[in-house]
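Q: Residue numbers (this note's numbering): 2 to 165. Virtual Cβ for every residue (Gly too), placed ideally from N, Cα, C. Remember, it's a predicted structure, so these values are computed and weren't measured experimentally.
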Amino acid sequence: MLAYFALGANLGDRLASLQAAFQGLSSLGHQPRASSVYLSQAWPNPAEPSYLNAVVSLHCELEPLALLDAVLELEHALGRRRGPQRFAPRLIDIDILLYDALCIQAPRLELPHPRMTERAFVLRPLNDLASDLLHPRLKVSFAELLAACTNKAELAYPSTVFVP
C-alpha cells in the first residue's frame, strides 16, 4: 500500500524536525520519497512562527490504525506533546493524507485526510509527488485541487533535505 504523509514544523530546528520525521517514517516501510520543503504562514494565527511543510510517500504494509499509532509514537519521540489547543505551534506534525485509495471514516482516523483539499501547504508538496493522482472521494487530480485552492500564500523553500 502506498501512503502519503504531510509533515509540518514551526518550532525549534524545523528542518531537522522534518528530516527526523522522514527518517522515522522511512523505518515504517520502503521506497520513501519526499517533496520539496515549503514555507507557509501559521494558521489560524499568522503571528506565530512560520511552518516548514513537506509530503512524504512510502510503501507500507501496516494496517491503517496501526500506521496511525506508529505515526503518533514517532511524533512523541520527536518531542510533540499534544495539549488542549488544536492549532498550537509544534515541533512536528505528521498527518496521514492517503493510504492507497482507501476511504475510512472512524473516530481516530479519516482517510483521505478531510481538510487536505483546503490547504495549499499540503497540496503543493503533494503535487511534487502525485500531481496526477486522483483524490479517492472526489475523483479529481491533486493538480486540479491545488489550482482550485484559494489559499496559495506559501513560498517555496529551497532544500534537498530528504536526499539520502
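I want to know whether the segment 119-127 touches the segment 73-93 - three or more CB-CB distances under 8 angstroms.
A: no
Q: Starting from residue 24, trace the beta strand (DSSP E) both ways and give me its first and last residue.
A: That residue, residue 24, is in no beta strand (DSSP E); its alpha helix (DSSP H) goes 15-27.
Q: Could you have a look at residue 47 and say whether DSSP puts it in helix, strand or coil?
A: coil
Q: Under three-state DSSP, which class holds residue 34?
A: strand
Q: Figure out for me which residue from 18, 86, 61 and 108 has the closest Cα to the Cα of residue 99.
A: 61
Q: Alpha carbon to alpha carbon, how far is residue 125 from residue 57?
A: The alpha-carbon atoms of residue 125 and residue 57 are separated by roughly 12 angstroms.
Q: What separation, rounded to the nearest whole angstrom, lies between the Cα atoms of residue 45 and residue 76?
A: 22 angstroms
Q: To the nearest angstrom, how far is the alpha carbon of residue 37 from that of residue 104?
A: 27 angstroms
Q: Using a Cβ-Cβ cut-off of 8 angstroms (strictly less than) and excluding sequence neighbours within five positions of residue 52, which residues of its own chain qualify?
A: Result list for residue 52: 9, 10, 11, 15, 40, 41, 42, 43 and 122, in chain order.
Q: Considering only C-alpha positions, which residue in the set 48, 139 and 35 is nearest to residue 112?
A: 139
Q: What are the start and end residues of each continuous alpha helix (DSSP H) run of 4 or more residues lying completely inside the segment 105-155, in chain order?
A: Listed in chain order, the alpha helix (DSSP H) runs fully inside the segment 105-155 are 121-131 and 143-149, counting runs of at least 4 residues.
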